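Q: Protein chains in written order, with my numbering: chain D, 1 to 275; chain E, 276 to 531.
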Amino acid sequence: MRKLYSALKIICLVALGITLICLVAVIAYVLIKGTGKLSFDLLFGDYKSSPSILPAFVGMLELVAIASLIAVPIGVASAIFLVEYTNNKGKLVRIIQVATETLAGIPSIVYGLFGYLIFVVAFGWGYSIIGGGITLAIMILPTIVRSTQESLLSVQGGLREGSYALGASKVRTIFKIVLPSASGGIVTAIILAIGRVVSESAVLILTIGMVVNKVPQNLLSPGTSLALDIYYFASNGYRDEAAATSVVLLVFVIFLNLLASGIGKLIKKSTGEEK
Amino acid sequence: MIDFTGKMNISVKDCNLYYGDFHALKNINIEIPEKQVTALIGPSGCGKSTFLKILNRMNDLVEDCKITGSFKIGNIDIFDKETDINALRKNVGMVFQKPNPFPMSIYDNIAFAPRTFGIKKRSELDEIVENSLRRASIWDEVKDRLKKSALGMSGGQQQRLCIARSLAANPKILLMDEPTSALDPISTGKIEELMEELKKDLTIVIVTHNMQQATRIADNTAFFLLGELIEYGATDDIFSSPGDERTERYITGRFG
Numbered sequence: 001m002r003k004l005y006s007a008l009k010i011i012c013l014v015a016l017g018i019t020l021i022c023l024v025a026v027i028a029y030v031l032i033k034g035t036g037k038l039s040f041d042l043l044f045g046d047y048k049s050s051p052s053i054l055p056a057f058v059g060m061l062e063l064v065a066i067a068s069l070i071a072v073p074i075g076v077a078s079a080i081f082l083v084e085y086t087n088n089k090g091k092l093v094r095i096i097q098v099a100t101e102t103l104a105g106i107p108s109i110v111y112g113l114f115g116y117l118i119f120v121v122a123f124g125w126g127y128s129i130i131g132g133g134i135t136l137a138i139m140i141l142p143t144i145v146r147s148t149q150e151s152l153l154s155v156q157g158g159l160r161e162g163s164y165a166l167g168a169s170k171v172r173t174i175f176k177i178v179l180p181s182a183s184g185g186i187v188t189a190i191i192l193a194i195g196r197v198v199s200e201s202a203v204l205i206l207t208i209g210m211v212v213n214k215v216p217q218n219l220l221s222p223g224t225s226l227a228l229d230i231y232y233f234a235s236n237g238y239r240d241e242a243a244a245t246s247v248v249l250l251v252f253v254i255f256l257n258l259l260a261s262g263i264g265k266l267i268k269k270s271t272g273e274e275k
Numbered sequence: 276m277i278d279f280t281g282k283m284n285i286s287v288k289d290c291n292l293y294y295g296d297f298h299a300l301k302n303i304n305i306e307i308p309e310k311q312v313t314a315l316i317g318p319s320g321c322g323k324s325t326f327l328k329i330l331n332r333m334n335d336l337v338e339d340c341k342i343t344g345s346f347k348i349g350n351i352d353i354f355d356k357e358t359d360i361n362a363l364r365k366n367v368g369m370v371f372q373k374p375n376p377f378p379m380s381i382y383d384n385i386a387f388a389p390r391t392f393g394i395k396k397r398s399e400l401d402e403i404v405e406n407s408l409r410r411a412s413i414w415d416e417v418k419d420r421l422k423k424s425a426l427g428m429s430g431g432q433q434q435r436l437c438i439a440r441s442l443a444a445n446p447k448i449l450l451m452d453e454p455t456s457a458l459d460p461i462s463t464g465k466i467e468e469l470m471e472e473l474k475k476d477l478t479i480v481i482v483t484h485n486m487q488q489a490t491r492i493a494d495n496t497a498f499f500l501l502g503e504l505i506e507y508g509a510t511d512d513i514f515s516s517p518g519d520e521r522t523e524r525y526i527t528g529r530f531g
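(1) For Leu249 (chain D), which residues from the same chain have a beta carbon less than 6 Å from its beta carbon, with the 5 sequence-adjacent residues on both sides left out?
(2) Output needed for Gly281 (chain E): all residues of its chain with C-beta closer than 7 Å, excluding positions within five of it in sequence on either side, in chain order.
(3) Taking 8 Å as the cut-off, decide whether the C-beta atoms of Ile385 (chain E) and Ala443 (chain E) are in contact.
(4) Taking 8 Å as the CB-CB limit, is Met283 (chain E) close to chain D?
(5) Measure the C-alpha to C-alpha separation of Gly427 (chain E) and Arg397 (chain E) and round it to an integer number of angstroms.
(6) Would you say Glu161 (chain D) reaches chain E, if we count a Cβ-Cβ gap shorter than 8 Å as a contact?
(7) Which one or two residues does DSSP pair with Asp352 (chain E) in a beta bridge?
(8) Between Glu293 (chain E) and Lys328 (chain E), which are expected to be in contact by the criterion C-beta below 8 Å, what is the C-beta distance as a whole number of angstroms?
(9) Thinking Asp240 (chain D) and Lys37 (chain D) are a contact (beta carbons under 8 Å), I'd like their distance in whole angstroms, please.
(10) Mind the definition here: the stretch 71-89 of chain D touches the stretch 136-146 of chain D only if three or more C-beta pairs lie below 8 Å; say whether that holds.
(11) So the alpha helix (DSSP H) Phe297 (chain E) belongs to, where does it begin and stop?
(12) Could you tell me if Asp452 (chain E) is buried or exposed, where buried requires 16 or more neighbouring beta carbons within 10 angstroms of its beta carbon?
(13) If contact means a Cβ-Cβ distance below 8 Å, which residues of the stretch 312-345 of chain E contact chain D?
(14) Run through the stretch 422-454 of chain E for me and flag every whole beta strand (DSSP E) of 3 or more residues, listed as ranges in chain order.
(15) What residues of chain E sit near Leu271 (chain D), judged by a beta carbon separation below 7 Å?
(16) Going by the beta-carbon positions, is the gap between Gln434 (chain E) and Pro374 (chain E) smaller than 8 Å?
(17) Between the beta-carbon of Cys321 (chain E) and the beta-carbon of Gly502 (chain E), is there less than 8 Å?
(18) Against chain E, with Cβ distances strictly below 8 Å, would Leu166 (chain D) count as a contact?
(19) Is the stretch 156-164 of chain D in contact with the stretch 212-219 of chain D, if contact means three or more CB pairs nearer than 8 Å?
(20) Below 8 Å on the Cβ atoms is my guess for Ile316 (chain E) versus Thr483 (chain E); work out the distance and round it to an integer in Å.
(21) I need the straight-line Cα distance from Phe96 (chain D) to Val417 (chain E), nearest angstrom please.
(22) Alpha carbon to alpha carbon, how far is Lys475 (chain E) from Gln311 (chain E)? Give it in angstroms, no decimals.
(23) Output, in chain order, the set of chain D residues within a Cβ distance shorter than 7 Å of Lys373 (chain E).
(24) Checking 8 Å against the spacing of the C-beta atoms, do Leu330 (chain E) and Leu473 (chain E) come in under that value?
(25) Give a yes or no on contact between the stretch 115-123 of chain D and the stretch 177-197 of chain D, applying the rule of three or more CB pairs nearer than 8 Å.
(26) Across the stretch 483-497 of chain E and the stretch 352-365 of chain E, are there enough close Cβ pairs to call them in contact, namely three or more that are closer than 8 Å?
(27) I want to see whether chain D comes within less than 8 Å of Gly368 (chain E), judged by CB atoms only; does it?
(28) What are the start and end residues of the alpha helix (DSSP H) that includes Ile254 (chain D)?
(29) Whole angstroms is fine: what's the gap from Leu63 (chain D)'s alpha carbon to Ser52 (chain D)'s?
(30) Give a yes or no on whether the minimum CB-CB distance between Ser6 (chain D) and chain E is below 8 Å.
(31) By DSSP, does Glu338 (chain E) sit in helix, in strand, or in coil?
(32) Select from the stretch 168-182 of chain D all residues with a C-beta closer than 8 Å to any C-beta belonging to chain E, and list them in chain order.
(33) Would you identify the three-state DSSP class for Ala67 (chain D), choosing helix, strand or coil?
(34) Which partner residues of Val370 (chain E) appear in the DSSP bridge assignment?
(35) Please report the distance separating the alpha-carbon of Leu504 (chain E) from that of Ile481 (chain E).
(36) Can you tell me where the alpha helix (DSSP H) holding Thr148 (chain D) begins and where it ends?
This is the structure:
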């Protein structure tokens with residue numbers, strides 16, 4: 001028996017080692033290949049003639065703005081309705097639950113195709129930042145609804161009761177007691193969703209085009225994003241530039257993740273839930 | 276606007292309450308006098324907390340809860356269409372079994388109810404906060420950390436904060452649902468002293484599992500069993516010469 005136990009332990013340890021190597025290898029490889037090639041020209045240089053990710057920066061900011069302006073209010077409000085007004089029970093809630101779970105599991109290229117057929121073709125917008133932004137909003141909506149629901153459900157029932165017992169209305173209870181208590185979880189969920197917008201590529205290939213050498217003039221212009229630039233550079237012989245862009249994207253995603261946990265903690269601290 | 280300035284005695288007639296098919300309260304008739312402490316005792320599940328929650332209509336939040344009967348505070352009908360539920364709850368405060376301070380500062384906890392009812396002026400709020408904390412005899416312990424989170428306080432302090440928070444709404448009646456069951460004996464003693472003090476201006480109805488507590492603080496005691504009100508009268512009478520055998524068996528600790 002003892003032998004079996006120590007063998008099991010060794011197997012698990014080896015598995016952990018492989019996991020660590022995979023994680024470190026990817027990050028290290030990207031950093032080693034890409035960091036050296038990071039330059040002012042690549043970041044902010046003349047994008048018309050040589051590779052530059054300036055248009056992608058602009059595209060990314062616009063996409064993040066559009067997607068979160070649409071998905072955050074709708075998603076948070078939907079979750080509030082489900083949890084606070086239907087008690088998270090009933091047929092409607094179950095249907096939405098199944099729908100959000102299914103939608104969250106769909107490969108993003110399917111959202112891309114949807115966005116392509118609706119915004120590019122049916123609406124006749126062609127490839128556009130706005131079409132891509134709306135498609136991304138639809139893509140992150142289920143995640144925002146679900147995680148907001150979870151955050152609201154984790155607010156202790158005693159707080160709601162306490163507020164009602166003081167004569168506060170439902171609206172006041174939701175805005176002054178429930179939402180502040182849940183805000184750490186909600187903000188974290190929103191930032192993680194923004195992380196998905198920043199790193200998404202499949203949706204954008206089909207909706208905003210891949211125009212890497214022009215800064216979008218308005219929301220109906222086609223554009224590019226960091227992830228698309230990586231694909232474009234790699235498939236057009238600019239491998240080092242692709243790696244350098246990956247470094248930038250990696251840094252962004254790591255930053256967003258740190259921000260998410262940092263803000264979550266900060267909010268908990270400000271309400272006294274954590275010291 | 277309903278008028279809570281008159282006599283604040285509670286009068287309940289033919290009260291029946293159902294959770295779905297379950298008949299939780301059966302034909303309860305009770306008159307609770309004002310400015311006294313009335314204790315509701317009985318084994319778990321006997322309906323005493325359910326009864327308490329009728330008086331500030333907290334059962335409205337429970338699905339499938341059906342209530343019949345007549346319920347009056349002074350001459351206000353609790354369930355009348357004209358009775359504003361938020362005004363009712365402002366005047367009928369409630370303290371819960373588990374302390375439930377809001378995750379905000381001590382000051383903001385106390386100021387929550389006055390702000391709900393439109394008081395914005397800083398000086399006015401300051402005064403209400405200090406008064407309420409003094410009435411709950413916790414002012415001296417917290418006056419230097421009003422801006423600190425209420426969650427950093429001990430359980431006993433949190434419960435007195437919750438009492439102060441209710442008092443800030445200036446209620447006429449205070450409902451207490453086993454307010455000391457989660458607290459140590461010293462905190463319990465402080466809250467009992469407090470009730471002695473508060474009943475000068477307030478009608479207090481308290482649910483308790485602790486017989487000694489009922490004898491210490493309550494002027495009147497009501498014994499509930501399986502959804503029925505078995506016996507109700509002056510605490511001294513109930514405990515010295517119970518009229519019903521079931522009351523006697525319960526208070527002598529032979530069941531429940």
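Glycine is no exception: its CB is placed at the ideal position from the N, C-alpha and C atoms. It should be emphasised that the depicted structure is a prediction, and the values quoted were computed from it without experimental measurement.
A: Taking the coordinates as given:
(1) The residue labelled residue 249 (chain D) in the question sits at position 249 within the first sequence. Cβ neighbours of Leu249 (chain D) beyond the five flanking positions: Leu226.
(2) Along the second sequence, one-based indexing puts residue 281 (chain E) at 6. The answer, listed in chain order, is Gly349 and Asn350.
(3) Position 110 of the second sequence, counting from 1, holds the residue named residue 385 (chain E). Position 168 of the second sequence, counting from 1, holds the residue named residue 443 (chain E). Against a cut-off of 8 Å, the Cβ pair of Ala443 (chain E) and Ile385 (chain E) comes out as a contact.
(4) Start at 1 with the first residue of the second sequence, and residue 283 (chain E) comes out as number 8. Answer no: the Cβ-Cβ gap between Met283 (chain E) and chain D never drops below 8 Å.
(5) To locate residue 427 (chain E), count along the second sequence from 1; it is residue 152. To locate residue 397 (chain E), count along the second sequence from 1; it is residue 122. Going from the Cα of Gly427 (chain E) to the Cα of Arg397 (chain E) covers about 24 Å.
(6) In the first sequence, the residue the question calls residue 161 (chain D) occupies position 161. With 8 Å as the cut-off, Glu161 (chain D) counts as an interface residue toward chain E.
(7) The residue labelled residue 352 (chain E) in the question sits at position 77 within the second sequence. DSSP lists E:Lys347 as partners of Asp352 (chain E).
(8) Here the question's residue 293 (chain E) lines up with position 18 in the second sequence. Here the question's residue 328 (chain E) lines up with position 53 in the second sequence. Residue identity differs from the one stated: residue 293 (chain E) is Tyr in this sequence, not Glu. Going by Cβ atoms, the distance from Tyr293 (chain E) to Lys328 (chain E) rounds to 14 Å, so no, they are not a contact pair.
(9) Stepping through the first sequence from its first residue, residue 240 (chain D) is reached at position 240. Stepping through the first sequence from its first residue, residue 37 (chain D) is reached at position 37. At roughly 4 Å, the Cβ-Cβ gap stays under 8 Å, so Asp240 (chain D) and Lys37 (chain D) are in contact.
(10) yes
(11) Along the second sequence, read from residue 1 onward, the residue named residue 297 (chain E) stands at position 22. Phe297 (chain E) -> not in any alpha helix (DSSP H); beta strand (DSSP E) instead, spanning Phe297 to Ile307.
(12) As a working mapping, residue 452 (chain E) is identified with position 177 in the second sequence. With 16 or more Cβ atoms within 10 Å of its Cβ, Asp452 (chain E) is classed as buried.
(13) Asn331, Met333, Leu336 and Glu338
(14) 448-452
(15) Against the first sequence, residue 271 (chain D) aligns to sequence position 271. It should be noted that the sequence gives Thr, not Leu, for residue 271 (chain D). By Cβ distance, chain E contributes Pro378, Met379 and Ser424.
(16) Counting from 1 along the second sequence, the entry for residue 434 (chain E) is found at position 159. Counting from 1 along the second sequence, the entry for residue 374 (chain E) is found at position 99. Yes, they are a contact pair.
(17) Along the second sequence, read from residue 1 onward, the residue named residue 321 (chain E) stands at position 46. Along the second sequence, read from residue 1 onward, the residue named residue 502 (chain E) stands at position 227. Against a cut-off of 8 Å, the Cβ pair of Gly502 (chain E) and Cys321 (chain E) comes out as a contact.
(18) Here residue 166 (chain D) corresponds to residue number 166 of the first sequence, with the count starting at 1. Yes, its Cβ sits closer than 8 Å to a Cβ of chain E.
(19) no
(20) Translated into positions along the second sequence, residue 316 (chain E) becomes position 41. Translated into positions along the second sequence, residue 483 (chain E) becomes position 208. Going by Cβ atoms, the distance from Ile316 (chain E) to Thr483 (chain E) rounds to 6 Å, so yes, they are a contact pair.
(21) Residue 96 (chain D) sits at position 96 when you count from the first residue of the first sequence. Residue 417 (chain E) sits at position 142 when you count from the first residue of the second sequence. Per the sequence presented here, residue 96 (chain D) reads as Ile, with Phe not at that position. Ile96 (chain D) and Val417 (chain E): Cα-Cα distance of roughly 46 Å.
(22) Here residue 311 (chain E) corresponds to residue number 36 of the second sequence, with the count starting at 1. Here residue 475 (chain E) corresponds to residue number 200 of the second sequence, with the count starting at 1. C-alpha separation (whole angstroms): 8 Å.
(23) Within the second sequence, numbered from 1, the residue matching residue 373 (chain E) stands at position 98. In chain order: Gly158.
(24) In the second sequence, residue 330 (chain E) corresponds to position 55, counting from 1. In the second sequence, residue 473 (chain E) corresponds to position 198, counting from 1. Contact: no.
(25) no
(26) no
(27) For the purposes of this step, residue 368 (chain E) is identified with residue 93 of the second sequence, where counting begins at 1. Closer than 8 Å: yes.
(28) As a working mapping, residue 254 (chain D) is identified with position 254 in the first sequence. That run of the alpha helix (DSSP H) goes Arg239 to Thr271.
(29) Locating residue 63 (chain D) in the first sequence gives position 63, where the first residue counts as 1. Locating residue 52 (chain D) in the first sequence gives position 52, where the first residue counts as 1. Their backbone Cα atoms lie some 18 Å apart in a straight line.
(30) Reading the first sequence from its first residue, position 6 is the one you call residue 6 (chain D). With 8 Å as the cut-off, Ser6 (chain D) does not count as an interface residue toward chain E.
(31) As a working mapping, residue 338 (chain E) is identified with position 63 in the second sequence. The answer is coil: DSSP assigns Glu338 (chain E) none of H, G, I, E or B.
(32) Ala168, Ser169, Arg172, Lys176, Ile177, Pro180 and Ser181
(33) Numbered from its first residue, the first sequence carries residue 67 (chain D) at position 67. If DSSP states are grouped into helix, strand and coil, Ala67 (chain D) belongs with the helices.
(34) Here residue 370 (chain E) corresponds to residue number 95 of the second sequence, with the count starting at 1. Val370 (chain E) pairs with E:Met451.
(35) Locating residue 504 (chain E) in the second sequence gives position 229, counting from the first residue. Locating residue 481 (chain E) in the second sequence gives position 206, counting from the first residue. Using only the alpha carbons, I get a separation of about 15 Å.
(36) What you label residue 148 (chain D) is simply residue 148 of the first sequence in a count that begins at 1. Here the alpha helix (DSSP H) through Thr148 (chain D) covers Ile129 to Leu153.
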